[in-house]
Structure formats: structure tokens, C-alpha cells
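Enquirer: As you go down the protein sequences, you meet chains A and B in turn.
Under the working numbering, the residues of the first sequence are numbered 287 to 562, in order.
Under the working numbering, the residues of the second sequence are numbered 2 to 255, in order.
Beta carbons: idealized from backbone N, C-alpha and C, even for Gly.
Submitted below is the structure of interest, expressed as C-alpha cells.
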Amino acid sequence: MTMPKQQTTPRVPAVAGAGPAAGVRLTDVAVRFRSKKRDVTALSDVSLDVAPGEFVAIVGPSGCGKSTLLKLVAGLLTASSGDVLLGGERVTGPRHDIGYVFQRAALLEWRSALRNILLQAEIRRMEPAVARARADELIRMTGLGGFEDAYPHELSGGMQQRVALCRALLHEPPVLLMDEPFGALDALTREQMNTELNRIWRTTGTTVLLVTHSISEAVYLADRVVVMSPRPGTVTEIIEVGLPAERDYSETLGRPEFRAAAAHIRDLLGAVSAHD
Amino acid sequence: MSQSALSKRPAALVVWWVIAAAELIEAYLVPSPGATLDVLTSKAGYLWQHTWVTTYETLLGFAIAVVVGVLAAVVMVYSSTVERTLYPILLFAQVVPKIAIAPLFVVWLGFGIAPKILIAVLIAFFPVVISMVTGLKAVDPEMLQLSATMGAKPWQTFVKIRFPASLPHLFSGLKVAVTLAVTGAVVGEFVGANEGLGYVILQANGNLDTPMLFAGLLVMSLIGVVLFVVVEIAEKLLLPWHASRRDTSATTTF
Ligand SMILES: Nc1ncnc2c1ncn2[C@@H]1O[C@H](COP(=O)(O)OP(=O)(O)O)[C@@H](O)[C@H]1O
Ligand SMILES: [Mg+2]
Numbered sequence: 287m288t289m290p291k292q293q294t295t296p297r298v299p300a301v302a303g304a305g306p307a308a309g310v311r312l313t314d315v316a317v318r319f320r321s322k323k324r325d326v327t328a329l330s331d332v333s334l335d336v337a338p339g340e341f342v343a344i345v346g347p348s349g350c351g352k353s354t355l356l357k358l359v360a361g362l363l364t365a366s367s368g369d370v371l372l373g374g375e376r377v378t379g380p381r382h383d384i385g386y387v388f389q390r391a392a393l394l395e396w397r398s399a400l401r402n403i404l405l406q407a408e409i410r411r412m413e414p415a416v417a418r419a420r421a422d423e424l425i426r427m428t429g430l431g432g433f434e435d436a437y438p439h440e441l442s443g444g445m446q447q448r449v450a451l452c453r454a455l456l457h458e459p460p461v462l463l464m465d466e467p468f469g470a471l472d473a474l475t476r477e478q479m480n481t482e483l484n485r486i487w488r489t490t491g492t493t494v495l496l497v498t499h500s501i502s503e504a505v506y507l508a509d510r511v512v513v514m515s516p517r518p519g520t521v522t523e524i525i526e527v528g529l530p531a532e533r534d535y536s537e538t539l540g541r542p543e544f545r546a547a548a549a550h551i552r553d554l555l556g557a558v559s560a561h562d
Numbered sequence: 002m003s004q005s006a007l008s009k010r011p012a013a014l015v016v017w018w019v020i021a022a023a024e025l026i027e028a029y030l031v032p033s034p035g036a037t038l039d040v041l042t043s044k045a046g047y048l049w050q051h052t053w054v055t056t057y058e059t060l061l062g063f064a065i066a067v068v069v070g071v072l073a074a075v076v077m078v079y080s081s082t083v084e085r086t087l088y089p090i091l092l093f094a095q096v097v098p099k100i101a102i103a104p105l106f107v108v109w110l111g112f113g114i115a116p117k118i119l120i121a122v123l124i125a126f127f128p129v130v131i132s133m134v135t136g137l138k139a140v141d142p143e144m145l146q147l148s149a150t151m152g153a154k155p156w157q158t159f160v161k162i163r164f165p166a167s168l169p170h171l172f173s174g175l176k177v178a179v180t181l182a183v184t185g186a187v188v189g190e191f192v193g194a195n196e197g198l199g200y201v202i203l204q205a206n207g208n209l210d211t212p213m214l215f216a217g218l219l220v221m222s223l224i225g226v227v228l229f230v231v232v233e234i235a236e237k238l239l240l241p242w243h244a245s246r247r248d249t250s251a252t253t254t255f
């Protein structure tokens with residue numbers, strides 16, 4: 287595991303053993319996909335500065351380049367122009383100091399929940415005892431206790447996504463990237479997952495970039511919400527949510543700051559695309 | 002095994018028995034089930050000896066086809082240059098009629114076991130390669146991206162993700178391949194052999210010994226069915242996660 291060389295002060299004090307959070311900086315980033323048929327400009331002129339330990343949510347219409355942005359940070363894609371920095375280091379290839387969660391849990395169906403989580407440890411050659419202890423801690427934190435030996439097809443969508451989240455957090459990544467992680471879940475499960483994610487973020491102190499289609503999810507979870515415009519994706523506005531880090535779900539949804547931020551984001555999205 | 006397939010088997014037997022009993026067709030053309038059963042029991046030793054030969058050729062051919070087929074598929078998936086060169090050759094080997102080239106193999110390799118195994122390999126190879134290539138390519142791209150963020154070495158990705166993910170596809174190819182391997186071995190025996198079920202059938206045919214011919218056919222089919230079931234059991238044992246998932250969604254496997 288490559289540790290970031292600088293910017294190692296998490297905004298929220300981390301629990302014992304938690305990895306230091308890292309910052310993310312995008313400067314004038316553009317991404318163009320070239321194919322024989324057509325060229326697509328997925329992102330243009332995107333600049334974003336995420337502090338270590340910060341929770342940033344990204345919302346925007348479909349196809350505006352949200353997934354592309356996360357893949358840039360992970361080093362799964364390279365920018366056509368501009369700079370991407372993670373933990374102060376320029377991103378040039380796949381980065382190992384991140385955790386990634388997709389909309390689909392992407393679990394290995396021949397492995398139990400626990401062994402899916404431990405895939406991360408096996409590939410990184412982590413100390414088995416350390417990895418196992420960390421996995422147990424995450425399993426407890428996400429309420430997966432008792433399902434360690436269950437196979438993915440025996441788990442509900444919410445449970446599968448919890449496994450994916452545990453796997454992404456096993457190596458205590460300085461940055462957690464989540465691409466519409468709860469998009470396929472029912473509303474109630476989604477609320478539960480939001481509450482859990484808020485608690486996990488506070489305990490681990492990791493930096494989080496979350497792509498979501500849900501405005502309330504974005505406002506409930508994030509310090510700041512990035513609103514993007516339709517293709518080619520640009521940053522329309524960045525909204526400071528201004529809520530305390532620890533947030534009770536129903537209490538937060540009733541707060542005036544929450545409502546103001548949500549209404550403002552809805553306006554922005556409505557202004558840029560009528561259909562989303 | 003579906004319900005209708007089960008109920009059709011006794012029905013076929015009844016039709017056969019009625020045809021024979023009513024002497025609708027001359028007995029030397031279609032023997033009665035009784036006469037066939039008689040041969041199966043009275044010539045059991047003779048049949049068993051030749052059954053073993055055919056089974057041995059089939060299994061050896063199948064095993065070689067699996068090893069070579071899986072290796073070829075892996076190389077093809079990891080190198081597009083190899084894929085481009087190998088695919089036309091494979092396709093040619095597949096479309097050329099094996100029965101037509103079988104005599105050539107006998108000329109080249111003699112009357113021994115070698116040409117039979119070669120034909121079994123040639124005939125069983127294609128479904129193995131195709132199913133394995135499909136399986137290796139069908140892996141979830143997000144899973145590959147995840148393994149990239151984990152810093153996986155290519156062999157780690159192969160061993161922990163790609164290969165296990167390809168096994169359900171491979172097994173459907175293996176089920177086709179194992180039944181084809183029986184055909185391959187028998188085709189090899191037809192063009193030149195002094196043992197094996199193909200030889201038994203040719204001899205019986207020459208002597209107008211239809212009960213023996215039918216007995217040979219029956220045993221040959223039985224080898225195919227038994228090997229198919231063995232592969233299916235192996236699949237259930239090796240891929241319990243796949244079988245249980247499939248059983249909840251699919252209705253019939255036979
Ligand atoms: N590999 C690719 N090749 C070509 N075009 C792509 C590729 N990936 C994404 N795109 C295009 O880039 C745009 C942004 O995609 P994406 O980042 O997935 O959007 P979002 O996640 O916001 O829905 C889309 O128009 C999509 O079609
Ligand atoms: Mg997307």
C-alpha cells in the first residue's frame with residue numbers, strides 16, 4: 287500500500303489504527319473520449335479541491351461525467367488535459383491508496399461475505415491476523431455480523447453493498463470513492479446505509495467522494511456538494527452544507543440549513559436539465 | 002432432468018418393443034429389445050472389453066482437449082495477436098469434416114489408439130476453447146477495475162478473479178465436449194481398428210448381427226450419458242455457488 291507523502295491531518299480525529307486521510311485536487315481537468323464514430327467531451331474545465339477528511343458529494347444529470355471524475359481520481363482513466371493530485375502526488379496510473387465502491391456490489395459469487403472482504407487483504411498481502419481483525423471490526427460497524435459465511439446470492443442488495451463497503455475500507459484507504467453506491471437500494475435501506483456511512487466516515491476520518499442522484503443523500507452526508515452541468519460536465523456550483531459532522535437522520539432532514547441547501551441544489555439541477 | 006424427458010424414455014422403449022413384437026419390420030433389421038438384452042448379458046465380457054477401450058480413448062481425448070483448449074483460450078484472451086492467428090486455424094479445424102480426415106490419421110498414425118484420440122481431441126477441442134474464451138471475457142469489468150485499485154498483479158487477477166469467474170462457462174462447454182469426444186473415438190474406430198465399440202458395430206454390421214449392433218449402439222450412448230452426468234456432478238461439487246444460484250432461477254438442466 288502506497289501511503290501519501292503529505293497532507294496527513296484528518297479533519298476528524300481517527301480511531302486507533304485508522305489510516306490518515308488524503309486530499310484530492312483537480313485542476314482544469316478535461317476528458318475527451320475519442321472513437322472512430324465520434325468524440326465525446328465528458329469533462330471540461332473541472333477544478334475541485336477536497337481537503338483531507340472532507341466529505342464531498344457530486345450530483346448532476348446522467349452522462350455529465352461523474353463516474354469519469356471518480357475514475358480519474360482512482361487513476362483508472364487519464365485526463366486529456368489538466369492535473370489530478372491525490373495526497374499531493376500526481377495520479378498517473380491506478381492508485382492503490384483508495385477504496386472504491388460501485389453501484390453494483392461487484393462481489394465474487396464463489397466467495398463468502400467475509401472472503402469477499404478479505405480479497406482486498408489477499409491481493410495486498412496484508413498480515414492475515416491484522417486483516418481479519420480489521421474485517422471483524424468493519425463487519426460489526428456495518429451490521430453484517432452473522433452473515434460472514436453467507437454467499438452473495440444469499441444476501442439482500444443492502445447487505446451486498448455493505449460487503450462492498452467493508453472491502454473498500456479494509457486497507458484503511460486515505461480516500462474512499464463511491465459511485466452511486468446506494469442507487470439500487472430501496473428507500474428505507476438507503477436511509478439506513480446513509481446513517482451508517484455518516485458514522486463510518488466520522489470513525490475512520492477518511493476523505494470521501496460520493497457520486498449520487500439523490501439530493502437529500504448528498505446534503506445529509508456531505509460537507510460540500512458539487513453540482514455539475516450536463517455534458518460536457520463542468521462544475522456549476524459548489525454548495526457548503528454547513529451542518530455538524532454528526533447528523534441524526536430525521537433531525538437533519540428537518541433543519542433549515544438542510545432544506546435551504548437541498549432547495550438550492552434542486553434549482554440548480556432544474557436550471558441545467560429539466561429531465562433530471 | 003425434466004419430467005417430459007423422463008416419461009419419453011419408457012415410451013420409446015414401448016414403441017421399439019411393439020415394432021419388434023408385431024414384426025412390422027423384419028427381425029434382422031430391428032431386433033426386439035429382448036434379443037438385444039440377451040446379447041448384452043450373454044456377451045457381457047466381450048462388450049465390456051470393447052467398451053473399456055472406447056471409454057479410455059474418449060477420456061484421454063477429452064482430457065487432452067480440456068488442457069489444450071483451456072491453455073489456448075487463456076493465451077488468446079491475453080494476446081490479441083495470438084487470438085487473430087489462432088482463431089482462423091481453430092475454425093478451420095472445426096469445420097473440416099472429421100470423418101473425412103479420419104482415414105488420413107490412420108495412414109499417418111497407424112491402427113493403434115493414437116488416431117482415435119486425435120479425432121476425439123479435434124472434435125472436443127472447439128467447445129472447450131469457445132466456452133473458456135467466452136468465460137474469461139465475460140468477467141465483470143468493474144471487478145477488474147477494483148483489482149487494479151488493489152494493485153493486483155496480472156496473475157493474481159487471473160487466479161483470484163478471471164479463472165474462477167470463467168468456470169461456469171467452461172463447464173457448459175465441457176458437457177458438450179465430453180459427449181462429442183465419444184463420437185470422435187468411435188469415428189476413429191470406424192476407419193480402422195481391431196477393438197472398441199466402433200469395431201464391434203462394424204463387425205456386427207458385416208455379420209448382419211443386428212442384436213449385437215443395437216447392443217453396441219446402446220452401450221455407446223450410455224457412455225455419453227454417464228460421462229455427461231459425471232461432468233455435471235463435478236460442476237455441482239466444484240461450483241456449488243453456481244449450481245445453487247442456477248437452481249433457484251432455472252427450471253431444467255437436462
Ligand atoms: N470509455 C468510454 N468511451 C467513450 N465514451 C465514454 C466512456 N466512458 C464514458 N463515456 C461518455 O462520457 C460521458 C460521461 O460518462 P460518465 O462519467 O459515465 O457519466 P455519469 O457517471 O455522470 O452518468 C457519457 O456521455 C459517456 O457516454
Ligand atoms: Mg455514472
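Could you give the first and the last residue of the continuous alpha helix (DSSP H) run that contains ARG426/A?
Expert: Translated into the one-based positions of the first sequence, residue 426/A becomes position 140. It spans 414-427 - the alpha helix (DSSP H) in which ARG426/A sits, taken as one unbroken run.
Enquirer: So THR56/B is in the alpha helix (DSSP H); what residue range does that whole segment cover?
Expert: Along the second sequence, read from residue 1 onward, the residue named residue 56/B stands at position 55. Element bounds for THR56/B: 45-79.
Enquirer: Give the secondary structure of GLN293/A by DSSP, where H, G and I count as helix, E and B as strand, and everything else as coil.
Expert: Sequence index remark: in the first sequence, residue 293/A carries index 7 (1-based). Annotation note: pLDDT 43 at GLN293/A (below 50); position unreliable, coordinate value reported separately. DSSP places GLN293/A in coil when its eight states are reduced to three.
Enquirer: If you count every other CB in all the chains shown that lies within 10 Å of the CB of LYS1/B, and 16 or more means buried, which is it?
Expert: Examination of residue 1/B is not possible in this model, given that chain B is present from 2 through 255 alone.
Enquirer: Against chain A, which members of the region 142-155 of chain B pass a CB distance test of less than 8 Å?
Expert: GLU143, MET144, GLN146, LEU147, SER148, ALA149, THR150, MET151, GLY152 and ALA153
Enquirer: Determine the burial state of THR253/B: buried for a count of at least 16 other Cβ atoms within 10 Å of its Cβ, exposed for fewer.
Expert: In the second sequence, the residue the question calls residue 253/B occupies position 252. With a pLDDT of only 43 at THR253/B, under the threshold of 50, the placement of this residue in the model should not be trusted; the figure read from the coordinates follows. THR253/B should be labelled exposed.
Enquirer: Less than 7 Å separating the Cβ of PHE388/A from some heavy atom of ligand 1?
Expert: Reading the first sequence from its first residue, position 102 is the one you call residue 388/A. Checking every heavy atom of ligand 1 against the Cβ of PHE388/A, none is found closer than 7 Å.
Enquirer: Drop a sphere of 10 angstroms on the beta-carbon of ASN195/B, count the other beta-carbons inside from all chains shown, and report buried for 16 or more, exposed for fewer.
Expert: Reading the second sequence from its first residue, position 194 is the one you call residue 195/B. Flag for ASN195/B reads exposed.
Enquirer: Quick one: residues with CB closer than 7 Å to any heavy atom of ligand 2, in chain order, please.
Expert: LYS352/A, SER353/A, ASP465/A, GLU466/A and VAL497/A
Enquirer: For the region 132-158 of chain B, list the alpha helix (DSSP H) runs that are entirely contained and at least 4 residues long, ordered along the chain.
Expert: Here the runs fully enclosed are 142-150 and 155-158.
Enquirer: Let me see if you follow: with CB-CB separation under 8 Å, is ILE102/B close to chain A or not?
Expert: As a first step, residue 102/B must be located in the second sequence, where it is residue number 101. Chain A contact via Cβ: absent.
Enquirer: Taking 7 Å as the cut-off, is the beta-carbon of GLY469/A closer than that to any non-hydrogen atom of ligand 1?
Expert: Start at 1 with the first residue of the first sequence, and residue 469/A comes out as number 183. No, ligand 1 has no heavy atom inside 7 Å of this Cβ.
Enquirer: Cβ atoms of LEU424/A and LEU455/A: under 8 Å apart, would you say?
Expert: One-based indexing of the first sequence puts residue 455/A at position 169. One-based indexing of the first sequence puts residue 424/A at position 138. The answer is yes: Cβ separation under 8 Å.
Enquirer: I'd like to know whether the C-beta atoms of LYS357/A and MET514/A end up nearer to each other than 8 Å.
Expert: Here residue 357/A refers to the residue found at position 71 when the first sequence is read from its first residue. Here residue 514/A refers to the residue found at position 228 when the first sequence is read from its first residue. Result no, Cβ atoms of LYS357/A and MET514/A do not sit closer than 8 Å.
Enquirer: Nearer than 7 Å: is that true of the beta carbon of SER348/A relative to any heavy atom of ligand 3?
Expert: In the structure shown, ligand 3 is absent; the only ligands present are ligand 1 and ligand 2.
Enquirer: From ALA504/A to ILE234/B, what distance separates their C-alpha atoms?
Expert: One-based indexing of the first sequence puts residue 504/A at position 218. One-based indexing of the second sequence puts residue 234/B at position 233. For ALA504/A and ILE234/B, the distance between alpha carbons rounds to 49 Å.
Enquirer: Nearest chain A C-beta to LEU238/B closer than 8 Å, yes or no?
Expert: Residue 238/B sits at position 237 when you count from the first residue of the second sequence. No, LEU238/B lies away from the interface with chain A (no Cβ there is under 8 Å from its Cβ).
Enquirer: What is the rounded straight-line gap between the Cα of HIS561/A and the Cα of LEU496/A?
Expert: For the purposes of this step, residue 561/A is taken as the residue at position 275 of the first sequence. For the purposes of this step, residue 496/A is taken as the residue at position 210 of the first sequence. Because HIS561/A sits at a pLDDT of 45, beneath the cut-off of 50, its placement in the model cannot be relied upon, and the following sentence gives the value as read from the coordinates. Note on geometry: alpha-carbon atoms of HIS561/A and LEU496/A lie some 22 Å from one another.
Enquirer: With distances taken from CA atoms, which of ALA473/A, GLU482/A and PRO460/A is nearest ARG448/A?
Expert: Translated into positions along the first sequence, residue 448/A becomes position 162. The option with the nearest alpha carbon to ARG448/A is GLU482/A.
Enquirer: Which class does GLY491/A belong to by DSSP, given the choice of helix, strand or coil?
Expert: Walking along the first sequence from the start, residue 491/A turns up at place 205. GLY491/A falls in the coil class under three-state DSSP.
Enquirer: Grab me the residues of PHE229/B's own chain with a C-beta within less than 7 Å of its C-beta, minus the 5 sequence neighbours each way, in chain order.
Expert: Taking the second sequence and counting its residues from 1, the one referred to as residue 229/B is at position 228. Correct list, in chain order: LYS176, VAL179 and THR180.
Enquirer: Starting from GLU190/B, trace the alpha helix (DSSP H) in both directions and tell me its first and last residue.
Expert: Locating residue 190/B in the second sequence gives position 189, counting from the first residue. Element bounds for GLU190/B: 164-191.
Enquirer: Shorter than 8 Å from the beta carbon of GLN406/A to some beta carbon of chain B?
Expert: Translated into the one-based positions of the first sequence, residue 406/A becomes position 120. Under the 8 Å criterion on CB atoms, GLN406/A is classed as interfacial with respect to chain B.
Enquirer: Cβ closer than 9 Å: which chain A residues qualify as neighbours of ILE162/B?
Expert: Indexing the second sequence from 1 puts residue 162/B at position 161. Result: LEU394 and LEU405.
Enquirer: Just to check, is the beta-carbon of PHE126/B closer than 7 Å to a non-hydrogen atom of ligand 1?
Expert: Residue numbering aside, residue 126/B sits at position 125 when the second sequence is read from its first letter. No; taking the cut-off as 7 Å, the Cβ of PHE126/B has no heavy atom of ligand 1 nearer than that.
Enquirer: Kindly indicate if chain B contains any beta-carbon less than 8 Å away from that of ARG510/A.
Expert: Within the first sequence, the letter at position 224 stands for residue 510/A. ARG510/A does not count as touching chain B.
Enquirer: Give me the subset of the region 353-384 of chain A whose CB atoms are less than 7 Å from a CB atom of chain B, sorted by chain position.
Expert: Contact residues of the region 353-384 of chain A toward chain B are ALA360, LEU362, PRO380, ARG381, HIS382 and ILE384 (C-beta to C-beta distance below 7 Å).
Enquirer: Just the C-alpha distance for PHE112/B and PHE106/B, rounded to the nearest angstrom, thanks.
Expert: Residue numbering aside, residue 112/B sits at position 111 when the second sequence is read from its first letter. Residue numbering aside, residue 106/B sits at position 105 when the second sequence is read from its first letter. Straight-line Cα distance between these residues: approximately 9 Å.
Enquirer: Excluding sequence positions up to five away, which residues of its chain have a Cβ less than 6 Å from the Cβ of HIS243/B?
Expert: Walking along the second sequence from the start, residue 243/B turns up at place 242. The residues are PRO169.
Enquirer: Is ALA182/B near ligand 1 - that is, is its Cβ less than 7 Å away from at least one heavy atom of it?
Expert: For the purposes of this step, residue 182/B is taken as the residue at position 181 of the second sequence. Checking every heavy atom of ligand 1 against the Cβ of ALA182/B, none is found closer than 7 Å.
Enquirer: Using 8 Å as the limit for Cβ to Cβ distance, is PHE468/A near chain B?
Expert: Reading the first sequence from its first residue, position 182 is the one you call residue 468/A. Closer than 8 Å: no.
Enquirer: Using a Cβ cut-off of 8 Å, pull out every chain B residue sitting near ILE409/A, in sequence order please.
Expert: Taking the first residue of the first sequence as 1, we reach residue 409/A at position 123. In chain order: SER148, MET151, GLY152, ALA153, GLN157 and LYS161.
Enquirer: Could you list the residues in the region 523-553 of chain A with a C-beta less than 9 Å from some C-beta on chain B, going in chain order?
Expert: When C-beta distances to chain B are compared with 9 Å, every residue of the region 523-553 of chain A stays at or above that value.
Enquirer: Evaluate VAL535/A with the Cβ neighbour count: other Cβ atoms within 10 Å of its Cβ, from every protein chain shown; 16 or more gives buried, anything less gives exposed.
Expert: Locating residue 535/A in the first sequence gives position 249, where the first residue counts as 1. Note on identity: in this sequence residue 535/A is Tyr, with Val being the wrong assignment. Exposed, because fewer than 16 other Cβ atoms sit within 10 Å of the Cβ of TYR535/A.
Enquirer: Any idea if ARG376/A is buried or exposed, counting beta-carbon neighbours within 10 angstroms, 16 or more meaning buried?
Expert: As a working note, residue 376/A is residue 90 in the first sequence. Answer is exposed; the Cβ neighbour count stays below 16.
Enquirer: Verify the CB distance criterion: does PRO165/B have a CB-CB separation below 8 Å to chain A?
Expert: Sequence index remark: in the second sequence, residue 165/B carries index 164 (1-based). So, interface residue.
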